[in-house]
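> Here it is, the structure, as structure tokens.
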Amino acid sequence: MTFSTEDMARRASKEIPAGSIVNLGIGLPTQVADYLPVGHAWLHSENGLLGTGPFPFEGEEDPNLINAGKQTVTVLPGGSTFDSAASFGMIRGGHVDVAILGAMQVAANGDIANWAVPGGKVMGIGGAMDLASGCKNVIAMMQHVTKKNEHKLVARCDYPLTATRVVTLVITDLGVFAPTGEAFRIVELAPGVTREQAIAATGAPLV
Amino acid sequence: MTFSTEDMARRASKEIPAGSIVNLGIGLPTQVADYLPVGHAWLHSENGLLGTGPFPFEGEEDPNLINAGKQTVTVLPGGSTFDSAASFGMIRGGHVDVAILGAMQVAANGDIANWAVPGGKVMGIGGAMDLASGCKNVIAMMQHVTKKNEHKLVARCDYPLTATRVVTLVITDLGVFAPTGEAFRIVELAPGVTREQAIAATGAPLV
Amino acid sequence: MVGRHANKVVASIEEALAPLTDGMTILCGGFGLSGNPEALIKGVVARGVKDLTLVSNNAGNMGKGLALWLKAGIVKKVICSYIGGNEDLHTRMASGEVKVEITPQGTLAERLRAAGAGIPAFYTPTGVGTVVEEGKETKEIDGRRYILERALPGDVALVRANRADRFGNLRFWRTGRNFNPVMATAAKLSIVECDQLVDNGAISPDDVHLAGIFVHRIVHVAEHENAFEFRTVRKRP
Amino acid sequence: MVGRHANKVVASIEEALAPLTDGMTILCGGFGLSGNPEALIKGVVARGVKDLTLVSNNAGNMGKGLALWLKAGIVKKVICSYIGGNEDLHTRMASGEVKVEITPQGTLAERLRAAGAGIPAFYTPTGVGTVVEEGKETKEIDGRRYILERALPGDVALVRANRADRFGNLRFWRTGRNFNPVMATAAKLSIVECDQLVDNGAISPDDVHLAGIFVHRIVHVAEHENAFEFRTVRKRP
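Residue numbers (the working numbering), protein chains in the order written: chain A, 208 to 414; chain B, 208 to 414; chain C, 599 to 835; chain D, 599 to 835.
Laid out in structure tokens, this is it:
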């Protein structure tokens with residue numbers, strides 16, 4: 208047994224304090240919103256929206272009301288819109304409390320790589336670097352190993368970096384882990400996952 | 208005969224193209240507005256107003272609608288309000304076409320001193336330096352000499368500078384003069400003012 | 599002597615785009631396909647200019663928006679933050695036809711904002727320790743390292759607004775705002791395509807999102823495709 | 599675990615100002631006596647803190663506004679752009695009781711904006727060749743010299759808004775906006791005094807001047823003096 212992506216999203220939602228400002232990265236992290244109680248936190252979309260609401264009802268989609276993943280969304284009462292410079296001012300200025308980001312690699316020192324595969328197609332940086340270096344608390348969500356069974360929790364990233372020494376917590380299908388500098392500390396293992404399994408799947412010391 | 212302050216303001220108004228953005232400094236330059244046809248130009252007040260209108264009718268004064276001189280004003284149709292950072296972004300970014308500023312000294316190289324008297328009470332800088340260094344066309348308005356008959360059009364300013372090499376035109380009670388680098392060029396003399404009078408009253412070559 | 603802030607409303611896209619010339623740097627508002635100046639984008643292709651440097655967050659997608667410029671072969675360089683599934687850009691980048699400079703999205707926005715606000719360069723923490731830092735000056739300030747980034751000015755900005763008055767005061771709708779305001783501030787000439795054109799005074803001074811000081815030409819375009827990238831919905835309860 | 603964005607509305611000025619301590623740097627909105635957080639300014643004197651560094655464009659005038667702090671002797675340093683006829687500041691500056699740092703108004707606004715936006719330093723043309731340049735780094739960029747200016751962050755911001763919702767989204771009225779938004783962005787803790795308090799949703803998302811992300815405490819104060827400095831009028835025709 209490991210965490211499903213739903214389990215991971217539910218687990219990640221527990222890291223979001225009530226009354227905080229949260230940016231959920233494109234893809235898996237976006238699902239975290241499904242597990243947040245109504246009114247619990249304020250979701251920030253870096254394209255210029257604070258107070259992002261759920262997807263619109265069919266027929267109410269507005270092409271000029273989207274999140275950073277270009278999905279149609281809604282805006283909650285108390286929400287606000289602003290331009291890109293203001294939006295990234297919020298991020299860079301440390302006003303966003305938590306960012307939950309997808310990742311390709313996370314190192315024991317908190318480095319994160321999540322925007323490019325060496326030798327792969329360049330997809331661009333988008334808001335990844337701003338979010339990773341600007342937010343007060345950066346949580347990474349990813350599968351523990353690649354499809355080819357390569358480590359993704361590593362001693363040192365060899366993928367192009369997004370930001371250095373920023374990740375506070377990694378949530379994977381095997382559990383929850385905290386970078387400590389030289390190692391990852393086991394915060395929690397998924398039900399049925401043994402310490403040995405986790406150690407074998409991790410490319411850095413696990414304590 | 209020399210230009211009265213009204214003459215100076217009227218003369219300065221001729222330097223403002225139709226359809227331009229203008230910032231009028233506190234004091235004498237503010238009077239220039241009285242000689243601009245309705246709708247001729249857009250007046251910018253650096254405290255956060257574009258489209259500044261005339262003083263309000265009695266009883267309609269709004270303490271939260273003032274110009275940079277803290278005088279109650281109105282806002283014209285098409286006017287807008289904004290914060291101080293945005294306002295000075297307009298100035299510093301070169302979006303204000305003309306600034307008309309009071310001055311203590313202007314040098315032949317275009318240097319301007321208008322914020323402090325050596326040894327005098329420090330009144331502060333306010334928006335003077337931003338306006339003088341940011342606006343595309345800086346026009347100085349002042350009496351040609353001090354009350355003690357000291358030169359104000361000088362070879363080199365000895366008052367604390369506001370900005371360097373920015374003034375394009377000086378309008379005084381004796382006429383209109385353009386800094387050329389080493390000298391002032393006579394653009395126009397006030398009615399009855401002789402070339403000799405102007406030369407005597409000017410602390411730099413007059414050509 | 600007439601300044602740039604008289605008679606801004608023009609009758610056609612053609613007239614609005616008349617000042618464009620080959621080799622210009624064009625700043626274009628929009629995030630993905632949202633908030634795009636669609637008619638101006640199409641009009642630039644019809645205008646027949648080439649060798650453009652395009653600054654935009656995405657440079658189009660799904661063959662739409664600025665992808666038209668890539669298809670038409672009128673772009674020599676793109677400065678953007680994200681490519682994603684934009685195949686028109688991927689193929690032209692791979693072939694070397696188009697040079698691509700990728701910058702973090704916040705740095706792109708701030709460089710444009712700086713250009714508009716007369717700030718020639720600024721320090722930022724974004725990209726420190728990454729490839730973004732390569733070839734740039736860095737400085738340690740209060741114990742943290744920062745990168746010096748330069749302002750990014752343009753010749754022309756293409757902007758989409760929801761509502762404009764005749765002076766060019768603009769309002770945007772929801773996240774259609776995105777890069778549009780900063781693009782307008784950063785260009786020598788800003789051309790606005792608006793859904794609604796109203797008289798001066800119809801927008802209250804406190805309700806202006808971008809002041810007309812940053813706008814030079816206005817063209818009214820009532821109809822837009824307003825393409826969706828991901829039309830995500832939920833069921834009615 | 600509760601974040602800073604829940605339950606922001608407090609019942610009194612006293613409660614709003616409870617976190618203040620001696621020696622703090624306080625950023626205060628307002629331009630002259632316009633757009634001042636009048637009740638918070640008075641409340642700080644009653645709060646009994648001292649040795650404050652005050653950042654404000656004017657530091658009061660005519661014995662009003664922030665002049666109260668000067669009279670009370672709770673300010674050790676003022677960072678401002680303009681003194682003018684503010685005799686309370688002139689006398690305390692002359693006596694050495696208060697240290698005054700004067701900065702150009704646009705540089706003051708930009709330093710605050712930078713602090714709020716995570717920009718530690720920026721280059722500006724303002725003040726080049728003047729006393730403002732003294733002791734500062736300069737750099738030539740594209741043939742023009744610029745001064746490096748530092749961000750100016752604060753511990754607490756005191757802000758006056760016309761309207762606030764319960765999350766802290768703010769609207770300002772006319773030129774009462776001035777420095778209020780940038781002050782709010784630049785402080786660790788932003789306290790807002792609003793003329794009107796409304797429910798979330800009462801301000802449309804596109805009509806928010808400053809998003810609630812920058813606001814931490816809100817107190818509703820219906821009555822203000824709203825002092826005039828120069829009440830200039832014209833005759834009715």
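Backbone N, C-alpha and C define an ideal beta-carbon position, used for all residues, glycine too.
Given a threshold of 16 other Cβ atoms within 10 Å of its Cβ, counted over all protein chains shown, does D:D589 qualify as buried or as exposed?
Coverage of chain D is limited to positions 599 through 835, which leaves residue 589 of chain D absent and any answer about it impossible.
> Look at the alpha carbon of C:A825 and the alpha carbon of C:I639, and state the distance between them as a whole number of angstroms.
Straight-line Cα distance between these residues: approximately 14 Å.
> By the three-class DSSP mapping on this structure, what secondary structure does C:L668 have?
If DSSP states are grouped into helix, strand and coil, C:L668 belongs with the helices.
> For chain A, check one thing: does any of its Cβ atoms lie closer than 9 Å to the Cβ of C:K833?
Closer than 9 Å: yes.
> Determine the DSSP secondary structure at A:M349, reduced to helix, strand or coil.
Coil, per DSSP.
> Let's test the definition: count the other Cβ atoms within 10 Å of the Cβ of C:S610 and tell me whether it reaches 16, buried, or not, exposed.
Counting Cβ neighbours within 10 Å, C:S610 comes out exposed, since fewer than 16 surround it.
> Is the CB of B:R372 under 9 Å away from at least one CB in chain C?
No, its Cβ sits nowhere closer than 9 Å to a Cβ of chain C.
> In angstroms, rounded to a whole number, what distance separates the CA positions of A:A385 and D:E708?
Answer to the nearest angstrom: the Cα atoms are 38 Å apart.
> Between the region 674-687 of chain D and chain B, which residues of the former have a C-beta closer than 8 Å to a C-beta of the latter?
Under the 8 Å Cβ criterion, the region 674-687 of chain D contributes C678, S679, Y680, I681, G682.
> For the region 770-803 of chain D, list every residue whose C-beta sits within 9 Å of some C-beta in chain C, in sequence order.
Against chain C - using a Cβ distance shorter than 9 Å - the residues of the region 770-803 of chain D are F770, W771, R772, R775, P803.
> If contact means a Cβ-Cβ distance below 7 Å, which residues of the region 279-305 of chain B contact chain C?
Under the 7 Å Cβ criterion, the region 279-305 of chain B contributes V282, P284, G285, G286, S287, T288, F289, G296, M297, R299, G300, G301, H302, D304.
> Answer with buried or exposed for C:E735, where buried requires no fewer than 16 other C-beta atoms within 10 angstroms of its C-beta.
Exposed is the call here.
> In the DSSP assignment, find the unbroken beta strand (DSSP E) run with A:L368 in it and report its ends.
Neither: A:L368 is in no beta strand (DSSP E) and is coded neither H nor E.
> In chain order, what residues of the region 693-716 of chain D put their CB closer than 8 Å to some CB of chain C?
If the cut-off is 8 Å between Cβ atoms, the region 693-716 of chain D has E708, A712, A715, G716 near chain C.
> Quick one, are the C-beta atoms of C:V790 and C:I811 less than 9 Å apart?
In this structure, C:I811 does not lie closer than 9 Å to C:V790 by Cβ.
> From B:G255 to C:R761, what distance separates their C-alpha atoms?
Going from the Cα of B:G255 to the Cα of C:R761 covers about 22 Å.
> Checking 9 Å against the spacing of the C-beta atoms, do D:A713 and D:D686 come in under that value?
No, the Cβ-Cβ distance between D:A713 and D:D686 is not below 9 Å.
> Note down, in chain order, every chain A residue with its Cβ under 8 Å from the Cβ of D:F629.
The premise fails here: D:F629 is roughly 21 Å from chain A at the closest Cβ pair, so nothing lies under 8 Å.
> Going straight from the alpha carbon of A:T259 to that of A:L283, what length do you get?
Cα-Cα distance, rounded: 6 Å.
> Just reading off the alpha helix (DSSP H) that D:I639 is part of, what are its end residues?
636-645 is the extent of the alpha helix (DSSP H) around D:I639.
> For A:A397, tell me which candidate among A:T379, A:D290, A:I406 has the shortest Cα-Cα distance.
For the residues A:T379, A:D290, A:I406, the minimum Cα distance to A:A397 belongs to A:T379.
> On the three-pair Cβ rule with 8 Å, is the region 627-635 of chain C touching the region 735-752 of chain C?
No contact exists between the region 627-635 of chain C and the region 735-752 of chain C.
> Taking 9 Å as the cut-off, decide whether the C-beta atoms of A:M336 and A:T288 are in contact.
Against a cut-off of 9 Å, the Cβ pair of A:T288 and A:M336 comes out as no contact.
> At which residues does the beta strand (DSSP E) containing C:I816 begin and terminate?
Segment 815-818, the beta strand (DSSP E) holding C:I816.
> Does DSSP put C:F828 in a helix, in a strand, or in coil?
Strand.
> Please name the residue or residues paired with B:Q238 in a DSSP beta bridge.
Answer is none; B:Q238 lacks a bridge partner.
> Is DSSP giving B:V324 helix, strand or coil here?
Correct three-state label for B:V324: coil.
> Is the shortest distance between the beta-carbon of C:H818 and the beta-carbons of chain B less than 9 Å?
Taking Cβ atoms only, chain B never reaches closer than 9 Å to C:H818, which makes this a no.
> Could I get the ranges of all uninterrupted beta strand (DSSP E) runs contained in the region 681-707 of chain C, with 3 residues as the minimum, in chain order?
Runs found: 697-700.
> To the nearest whole angstrom, what separates the beta carbons of B:T279 and D:T830, a pair I think is in contact under 8 Å?
The pair is a contact, with the Cβ atoms about 5 Å apart (cut-off 8 Å).
> Just to make sure I have the definition right: I need the residues of chain D whose C-beta is within less than 7 Å of the C-beta of C:I739. Which are they?
Those are P718, A719, listed as they occur along chain D.
> Give the range of the alpha helix (DSSP H) segment to which C:T783 is assigned.
778-784 is the span of the alpha helix (DSSP H), which, as asked, contains C:T783.
> Looking at the structure shown, is B:S291 part of a helix, part of a strand, or coil, going by DSSP?
The answer is helix: DSSP assigns B:S291 an H, G or I state.
> Taking C-beta to C-beta, are A:T281 and A:P263 nearer than 9 Å?
For A:T281 and A:P263, yes; Cβs fall inside 9 Å.
> Do we get a CB-CB distance below 9 Å when we pair C:I672 with the residues of chain B?
So, not an interface residue.
> Could you check the C-alpha separation between D:V642 and D:K669 for me, to the nearest Å?
The straight-line gap from Cα to Cα measures roughly 13 Å.
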